[in-house]
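Position 66, counted from 1, in the sequence shown is what full-length UniProt numbering calls 66; the numbers after and before it change by one each time, with no gaps.
Ideal placement from N, C-alpha and C gives every residue a C-beta, glycine not left out.
Take a look at the structure below.
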Amino acid sequence: MDHIKEWEAAFADALKSIARRSDVKACVEADPVLYPLLRRAAARFVTGDARQDGLTIARNLSSLGYRVSLEYIGENTTDAEECNAAAREMEELIGDLGSSRMLARVSFDLSHIGLRIDDELAYENLMKLAATADKSGIELFISMEESAKTDEILAIHERAARIHSHVGITLQAHLHRSEEDARKLPANSLVRVVKGAYKEPDTIALPRSGKLNERFLTITEQCVRNGHRVSFATHDESLIEEAIARKWPASGRFEFETLYGIKPDLSAGLQEKGQPVRIYLTYGREWYLYLCHRIAEFPPNLYRAVTAMIGGEELRPRY
Ligand code: FDA
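As structure tokens, this is what we get:
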């Protein structure tokens with residue numbers, strides 16, 4: 001079995017690298033056979049191409065007692081008009097969520113709304129979204145991207161959070177710098193702690209390991225102690241058990257957050273025990289990189305993806 005694990009690890013690394021290549025992505029998207037096949041595989045993790053697909057599943061989950069996050073998928077947008085169009089879509093989404101009774105939040109990558117072109121464009125779009133979100137009673141959450149962007153993303157978050165306390169930030173526990181970044185967060189921050197999805201060199205990040213889990217807990221502990229509102233975003237059951245043992249959910253400023261389609265039974269089990277659980281939903285046509293990440297971080301997903309592709313039906317998660 002060791003050779004299968006080795007093959008899976010090598011495959012995961014290769015997939016993370018190839019996922020970032022725009023020429024490969026363009027080829028896949030233009031391929032009339034491959035694209036619809038991959039779309040079927042993506043249905044396990046992505047609600048659909050349209051906002052209504054995301055909202056419909058959000059309503060279902062909300063009626064089951066879950067909180068939700070919604071992301072209009074996209075990143076590394078290099079055309080200013082496309083960045084502004086993405087921001088407009090997010091404003092519409094905020095408006096729709098605001099008029100619903102859901103405990104909802106909108107998440108996004110700053111590189112979807114301008115960071116690849118100019119920090120100021122990303123900041124201006126973020127501020128427009130924050131103003132709309134303020135009126136609608138919706139929280140905004142900034143995702144964390146590759147380490148080359150961490151400084152810019154944290155700086156933009158800090159500027160925005162000084163004005164809008166409902167703008168949250170994601171920290172990746174795998175980066176060596178994140179303990180320090182957590183210490184520097186503005187008072188009363190909204191923070192999501194994740195392990196980290198991007199391939200980073202050992203000099204700046206830890207691989208999946210016991211050490212990484214310890215750091216995940218240290219960062220969370222620090223955020224809880226500092227009174228921040230924390231989303232504990234992982235599917236790692238040992239971490240979740242530890243969070244419950246440390247009574248973090250009892251603070252009322254703590255929740256678990258999982259990705260739609262990953263371990264739905266785990267989320268349902270937590271929810272049944274009365275723990276606060278949020279499910280992170282995505283929609284949109286830019287699901288290719290998202291699908292690559294979800295397969296790379298758990299290579300056995302490849303087998304299920306192939307089953308969905310050749311089986312001819314979408315495999316939707318059940319909560
Ligand atoms: P780990 O990868 O160790 O997995 C623990 C267990 O969970 C696995 O053994 C497996 O059973 C299960 N599992 C994990 N991934 C799975 C998958 N894809 N399919 C099936 N089972 C799986 N990253 C980032 O870099 N920037 C960000 O902004 C975000 N945002 C974000 C928001 C939310 C709400 C979540 C939950 C995650 C993110 N991530 C992220 C992704 C995150 O960094 C990480 O890659 C994934 O959560 C997987 O890591 P785990 O913490 O689950 O641990």
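With DSSP as the reference, label Ala133 as helix, strand or coil.
The answer is helix: DSSP assigns Ala133 an H, G or I state.
Distance check for Arg246 and Ile117, CA to CA, integer angstroms please.
Answer to the nearest angstrom: the Cα atoms are 43 Å apart.
Does any heavy atom of ligand 2 sit closer than 7 Å to the C-beta of Leu129?
Ligand 2 is absent from the structure shown, which contains only ligand 1.
Could you pull the start and end residues of the alpha helix (DSSP H) that Gly311 belongs to?
Counting along the chain, the alpha helix (DSSP H) containing Gly311 begins and ends at 301 to 311.
Just checking Arg301 against ligand 1 - is the residue's beta carbon closer than 7 Å to any of the ligand's heavy atoms?
As written in the sequence, residue 301 is Asn, which differs from the Arg given in the question. Result yes, Cβ under 7 Å from ligand 1.
In three-state terms, what does DSSP make of Ala233?
Of the three classes helix, strand and coil, the one that applies to Ala233 here is strand, per DSSP.
My guess is that Phe256 and Val277 are in contact by the Cβ rule of under 8 Å, so how many angstroms apart are they, rounded?
Contact flag correct, Cβ pair sits at about 5 Å.
Just to confirm, is the Cβ distance from residue 320 to Thr234 under 8 Å?
The requested residue 320 does not occur in the structure, where the chain is confined to residues 1 to 319.
Mind checking Trp287: buried by the 16 CB within 10 Å criterion, or exposed?
Trp287 comes out buried.
Are the region 134 to 142 and the region 150 to 167 touching, with three or more C-beta to C-beta distances below 8 Å?
With the cut-off at 8 Å, the region 134 to 142 and the region 150 to 167 touch.
Under three-state DSSP, which class holds Val33?
Of the three classes helix, strand and coil, the one that applies to Val33 here is coil, per DSSP.
Under a Cβ-count criterion, where at least 16 other Cβ atoms within 10 Å of its own Cβ denotes burial, should Gly74 be classed as buried or exposed?
Buried, because 16 or more other Cβ atoms sit within 10 Å of the Cβ of Gly74.
Quick one: grab the DSSP three-state call for Gln222.
Three-state DSSP puts Gln222 in a helix.
Should the region 281 to 297 be called in touch with the region 5 to 18, which here means at least 3 C-beta pairs below 8 Å?
Yes: at least three Cβ pairs fall under 8 Å.
So, for Tyr319: in the same chain, excluding its five sequence neighbours on each side, which residues have a beta-carbon less than 7 Å away from its beta-carbon?
Excluding residues within five positions, the ones whose Cβ falls inside 7 Å are Leu61, Leu64, Pro264, Ser267, Ala268.
With a 10 Å radius around its C-beta and 16 neighbouring C-beta atoms as the bar for buried, classify His112 as buried or exposed.
By the 10 Å Cβ count, His112 comes out buried.
Taking the alpha-carbon of Gly261 as reference, which of Glu241, Tyr283, Ile219, Ile244 has the nearest alpha-carbon?
When each option's Cα is compared against that of Gly261, the closest is Tyr283.
Which residues in the same chain have their Cβ closer than 6 Å to the Cβ of Lys25, if we skip the five residues on either side of it in sequence?
The answer, listed in chain order, is Tyr288.
Does the distance from the C-beta atom of Val191 to that of Gly168 stay below 8 Å?
Yes, the Cβ-Cβ distance between Val191 and Gly168 is below 8 Å.
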